[in-house]
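Have a look at the structure below, then the notes.
Number of protein chains: 2
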Amino acid sequence: MSDFIAWMQACQSRMESVLADTLPPVHIAPQRLHEAMRYAVLDGGKRVRPLLAFAAGEVTGGTPDRVQFAAAAVELIHAYSLVHDDMPAMDDDALRRGKPTVHVEFDEATALLVGDALQSLAFDVLAAQPLADDPAMQLTMLHLLAQAAGSRGMAGGQAIDLASVGKALDLAELEFMHIHKTGALIRASVLLGAHCGTPDAATLAALDHYAKCIGLAFQVVDDVLDAEAPTATLGKTAGKDASHNKPTYVSLLGAARAREFAQELRSDAHAALAGLAAPAPHLRALADFVVERAF
Amino acid sequence: MSDFIAWMQACQSRMESVLADTLPPVHIAPQRLHEAMRYAVLDGGKRVRPLLAFAAGEVTGGTPDRVQFAAAAVELIHAYSLVHDDMPAMDDDALRRGKPTVHVEFDEATALLVGDALQSLAFDVLAAQPLADDPAMQLTMLHLLAQAAGSRGMAGGQAIDLASVGKALDLAELEFMHIHKTGALIRASVLLGAHCGTPDAATLAALDHYAKCIGLAFQVVDDVLDAEAPTATLGKTAGKDASHNKPTYVSLLGAARAREFAQELRSDAHAALAGLAAPAPHLRALADFVVERAF
């Protein structure tokens, strides 16, 4: 496990450095927008999506020098979505990763533009950086990220989430929402990392199944934490889902069964990795890492 | 001139059809989001940016079958920017193209997601459609659009615009704002259209200068119309700039000198085209079309 922690810290440190270099510097106009973009992205979170990309790259021979740009693109999309989700028209949250959200620290108009500009930047990174020997493969990666971010991916999941407030979803409907809202981008993280190497179809299929399990597990664990952890530990306002009458895995299954479900998803994720030609120790450890947050 | 009108109508009709096919159908979930995306994009505007792309493609041998996707991508970015700009946190406008704006017709959260999803879709189109023989050229086009949309392009221009409300800008500062806010995407329209063919460096430089003149002329004319046309003609709330104490070409130059300035920019645009190896009758007519709205 200590090897895993050292690997994780090395990836996080590399990610921070790539993101810092990718974001426009604050001395370039419009300075306040650039300051707010850096505030939204840097020094934040565990970088789970980039970690998944780096770990998937290891399976297909995608080197960190390439994967880092795919990882940065995914993290920029994730960061933009947090900024927009926190806005008053959406979740109206004042706290994120222990800091005031962007619209609180700056203002609503700036938060809107920060999200918009981060999304453009994500696609810019994928288009402009050398990610693959074959530019056609890079176009495939751009298509993959655009699908994951768009109305049939993350943005669509957010729309389904908004429409579900106060409604009695069943498990299948809740899963449908999360496959879009968080699952699509987690899947893109794994697949983009894999595309930086030379993946065959069987490997992509196995990684896709792994990513689906991890994506759901991530959400189940988030629901458990939201229901039980104090705000200070969480770094964001706790108990928001219950207070907004949003359906969650805890409200549908109870906390104990939700934890069990997360364990089952971890086992499924591990099983998907077992079929790979190459070992995938870091993907395996990441499945543990995602689930063990809840224990 | 009647040839030009027939050409324009053919392009507009092709554009409408490509956009209708590109936007997700309303029977696919999330249905309300897809309905709102179609509401925001279809049956709207003169499609000036697509027209510029088609006309620029003619100069470099970019066929309409290819240019139509580049044009759609640019129009989707433009449409997303209108949806977000109209929101209460930004310009707070209730009317656009004679219809209620998206956040009025639907709601603010939906408007936010519509803009976000339209931006993803724009990059998806550029990545997934066959736009160039060489995929590396297509990556260049994606980079071009991402730069035009991002914090050093359109989104940045919007930030500069917001920061300028109530301030006394001089002409150079006003131009700096508009080169970003509207100029960047108009430039991208022309250059993306040209990249669908086989442009040489001299042609790109001439088209770039043409696009800069047209982009500024477009804004100068917009300022004249905003100051003088009644709301019914404009299809959006007139006189908003003056009532928000925003600097405009009319407030800085007066309406008569602003009109003269638009004419000078048209002459500059025509001069840029005169140096091209191939004739560019539609780019020339578009320069007239943009400026003559004000007369």
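One line per chain: the protein sequences are Z and V, in this order. Each residue of the first sequence is one higher than the one before, counting from 1 in this note's numbering. Each residue of the second sequence is one higher than the one before, counting from 1001 in this note's numbering. A virtual CB, placed ideally from N, CA and C, is assigned to each residue, including glycine. Quantities reported herein were computed from a predicted structural model and do not represent experimental measurements.
The beta carbons of Z/A159 and V/P1030 sit about 4 Å from each other, so the pair counts as a contact at 8 Å. DSSP places Z/P64 inside the alpha helix (DSSP H), whose first and last residues are P64 to D85. Counting only the Cα atoms, V/V1074 lies some 13 Å from V/H1195. Annotation for Z/R284: H270 and L273 place their beta carbon closer than 7 Å to its own, counting only its chain and skipping 5 residues before and after.
In this structure Z/T110 touches Z/L33 by the C-beta definition: roughly 7 Å separates them, less than 8 Å. The residue among Z/D124, Z/R187 and Z/A227 with its C-alpha nearest the C-alpha of Z/A53 is Z/R187.
Taking all protein chains shown into account, Z/S2 has fewer than 16 neighbouring C-beta atoms within 10 Å of its C-beta and is therefore exposed. Shown here, V/P1030 sits in coil according to DSSP, grouped into three states, outside any helix or strand.
Z/L95 is bridged by DSSP to Z/P100. Z/V290 is positioned such that its CB atom lies closer than 8 Å to that of Z/A217.
Using beta-carbon distances, Z/H282 does not count as an interface residue toward chain V, since no partner is under 8 Å. For Z/F123, the residues of chain V that pass the 7 Å Cβ criterion are F1123, L1142 and A1146, in the order they occur in the chain.
Around Z/A132, the same chain offers Q138 as residues with beta carbons nearer than 6 Å, after the five sequence neighbours per side are excluded. Around the beta carbon of V/P1050, 16 or more other beta carbons lie within 10 angstroms, which makes this residue buried. For Z/E108, the residues of chain V that pass the 7 Å Cβ criterion are A1089, in the order they occur in the chain.
Counting along the chain, the unbroken alpha helix (DSSP H) around V/A1206 starts and ends at A1201 to E1228. For V/H1084, the nearest CB of chain Z lies under 8 Å from its own CB, placing it at the interface with that chain. For Z/T248, the secondary structure class from DSSP, reduced to helix, strand or coil, is coil. Taking a cut-off of 8 Å on C-beta distances, the segment 1082 to 1102 of chain V does not touch the segment 124 to 131 of chain Z, as fewer than three cross pairs fall below it. V/L1185 and V/A1148 do touch by the CB rule: their CB atoms are close to 5 Å apart, below 8 Å.
The three-state secondary structure of Z/T198, taken from DSSP, is coil.
If you look at V/Q1147, you'll find it in the alpha helix (DSSP H) that goes P1135 to A1149. Following the DSSP letters along the chain, one finds V/R1047 in no alpha helix (DSSP H), marked with neither H nor E.
When the Cα atoms are used, V/A1278 and V/A1206 turn out to be separated by approximately 12 Å. Q1147, A1149, G1150, S1151, R1152, A1155, G1156, Q1158 and A1159: these are the residues of the segment 1147 to 1159 of chain V whose beta carbon lies less than 7 Å from some beta carbon of chain Z, given in chain order.
Leaving aside the five residues that flank Z/L162 on each side, the residues in its chain whose CB is nearer than 8 Å to its CB run, in chain order, M90. From the beta-carbon of V/Q1119, the residues of chain Z found nearer than 8 Å are D116, Q119 and S120. Contact note: V/R1032 reaches chain Z through A159 and A163, using a C-beta cutoff of 8 Å and chain order. For Z/Q68, the nearest beta carbon of chain V is not closer than 8 Å to its own beta carbon.
Residue contact with chain V for Z/A20: absent (no Cβ-Cβ distance below 8 Å to any residue of chain V).
Using a Cβ distance threshold of 8 Å, V/L1191 and V/L1144 count as a contacting pair. For V/L1121, the uninterrupted alpha helix (DSSP H) segment begins and ends at E1108 to A1128. Against chain Z, a Cβ distance below 7 Å from V/P1247 picks out nothing, because the smallest value is about 16 Å. Counting the other Cβ atoms within 10 Å of the Cβ of V/A1056 gives 16 or more, which makes it buried.
Interface residue (Cβ-Cβ distance to chain V less than 8 Å): Z/L42 is not classified as such.
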